[in-house]
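To start, the structure itself, in structure tokens.
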Amino acid sequence: MAITRAFKNAPHQRRRQVPLVINGDMQIAQRGTADVTGLGDGDEGYVLHDRMRHTLEAGAGRYTCKQTADAPSDSGFSNCLELDCTTADTSIAATEVFNIDYRMEGQDLQYLKYGTSDAEYLTVGFWMKADAAVVYSVGFIEIDNSRSIRQVFTTGTDWTYHCIPFIGDTVSGPNNDLGEGMRLRFCFHAGSNLTSGTLATSWQGTTAANTHVGGGSFFASTDRSIKMTGLQLERGYFTAETMPPFQHESFGENLERCQRYCTGITKEANYGPVMFAHGIDANTCRGAYFFDTPMRTAPSFTHTGNIIRSFDTATALSSATATSTRFSHSIDWTGSNLFGANEGILLTFNTTAASLIYDAEL
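Under my numbering, the residues of the sequence shown are numbered 2 to 363, in order.
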């Protein structure tokens, strides 16, 4: 069951492992820090905070996601993930669902010894603040063997610490690879397809109907809001009083760990440099970007806004063929009669929202 407490310092003890959760303090938002509005039916993916994945399927509900400067006092946190309902959905179809996931590589979970008689407890801790006392659910999905476990918790209108231990799975465990081995899933809204069974409070084969039994709806009213920070996972059984303290990292360390999954390059000034390139012919130049942190896999690539030849405000370049590895990315940029063969070229941003996003997320 969920254990809650007002903030007080957990016992100080030496940490023995790198934190499983990256960006649990909600500091990093490489895709941009502006509020993301109008999120609704079918929206799925990493919309703002690094490593926090949204899923919303069906229904009329709409919401805004924010990175907000709010946190429990004296906690060491300064930011939170905030969700605000902007359109209510009180006629809930059977297939509706709204989740926030944190997804983990299988190779990072082997020390939990899942699939053996020595499988260890995994305790999730997080701070949450809401507009009302609402029951939501949280738990794990073990992807490789389609097994799940869930519990419910009740939000408070002040910052409240939730500490929820989950028994280890002795039946099976994640594969030892860089694919998704397990996901931590918060469910904030669900239709009857996910609420009509019996809550999966012990490890079992994943059954949709056992997901959000007894849970409430984030879309019940436009008054609904959720703020969350300090998300952590710890090996072992802990209560709110014995949970190891959150392992705060420097912004740089946190960013570096996020960059295994997403590397974002955004405009910070007019004509901010993006990459060097060389002309292949009059209409094409080829540039390359080398990742500071090797990515999990060869990433996908998207760009927004205008990429231009340095100080050329007249013509925006379009991306053509691209080749990525975990370590680098080369891309051909096209324009009309802009380049000379073997000419050295500096490519720059020239619009406010310009960005390059490299994505190797789970």
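By construction, the Cβ of each residue, glycine as well, lies at the ideal position given by its N, Cα and C atoms.
*Taking the C-alpha atoms as reference points, what is the distance between Ala-131 and Ser-226?*
5 Å
*Mark Thr-349 as exposed unless 16 or more other C-beta atoms lie within 10 angstroms of its C-beta, in which case mark it buried.*
buried
*asked:* Does Glu-143 come out as helix, strand or coil in the three-state DSSP assignment?
replied: strand
*Using a Cβ-Cβ cut-off of 7 Å (strictly less than) and excluding sequence neighbours within five positions of Ala-70, which residues of its own chain qualify?*
Ser-79 and Asn-80
*Can you check whether the CB of Ile-150 is closer than 8 Å to the CB of Gly-140?*
yes
*asked:* Going by DSSP in three states, Leu-110 sits in which element: helix, strand or coil?
replied: coil
*State buried or exposed for Val-19, treating a residue as buried only when at least 16 other CB atoms are found within 10 Å of its CB.*
exposed
*For Glu-344 and Phe-219, the rounded distance between their alpha carbons*: 56 Å
*Going by C-alpha distance, which of Asn-255, Ala-221, Phe-302 and Leu-357 is nearest Gln-28?*
Asn-255
*Closer than 7 Å by C-beta to Val-214: which residues in its own chain qualify, once you throw out the five before and the five after it? Chain order, please.*
Thr-196, Gly-198, Thr-199 and Leu-200
*asked:* I'd like to check one pair, Gln-233 with Gly-77: are the Cβ atoms closer than 8 Å?
replied: no
*Confirm, please, whether the CB-CB distance from Phe-252 to Gly-231 is below 8 Å.*
no
*Would the segment 110-126 and the segment 166-182 be scored as touching if the rule is three or more Cβ pairs under 8 Å?*
yes
*Sort Thr-38, His-190 and Ala-35 by Cα distance to Ser-92 and report the nearest one.*
His-190
*In angstroms, rounded to a whole number, what distance separates the CA positions of Leu-21 and Thr-208?*
26 Å
*Are the beta-carbon atoms of Thr-124 and Met-244 separated by less than 8 Å?*
yes
_Asn-100 to Ile-332 span [Cα, whole Å]_ = 35 Å
*Can you pull the DSSP bridge partners for Ser-226?*
Asp-85
*asked:* To test your reading of the DSSP string, which unbroken beta strand (DSSP E) runs of 3 or more residues are found completely within the segment 192-242?
replied: 226-236
*Distance CB(Tyr-103)-CB(Leu-185) smaller than 8 Å*: yes
*Leu-256 by DSSP, collapsed to three states: which one?*
helix
_Taking only three categories from DSSP, how would you classify Asn-100?_
strand
*Starting from the C-beta of Gly-280, find all residues in its chain whose C-beta is less than 7 Å away, skip the five residues before and the five after it, and write them out in chain order.*
Cys-286, Phe-340, Gly-341, Ala-342, Asn-343, Glu-344 and Ile-346
*asked:* Measuring straight from C-alpha to C-alpha, what distance separates Asp-293 and Asn-211?
replied: 42 Å
*Rounded to a whole number of angstroms, what is the C-alpha to C-alpha distance between Gly-237 and Arg-261?*
26 Å
*asked:* So, with DSSP's three-state summary, where would you put Leu-348?
replied: strand
*For Asp-90, is the classification buried or exposed, using 16 other Cβ atoms within 10 angstroms of its Cβ as the cut-off for buried?*
buried
*Can you say whether Asp-159 is buried or exposed, counting buried as having 16 or more other CB atoms within 10 angstroms of its CB?*
exposed
*Name the residue from Val-135, Thr-155, Gly-25 and Gly-206 whose alpha carbon lies nearest to the alpha carbon of Asp-145.*
Gly-206
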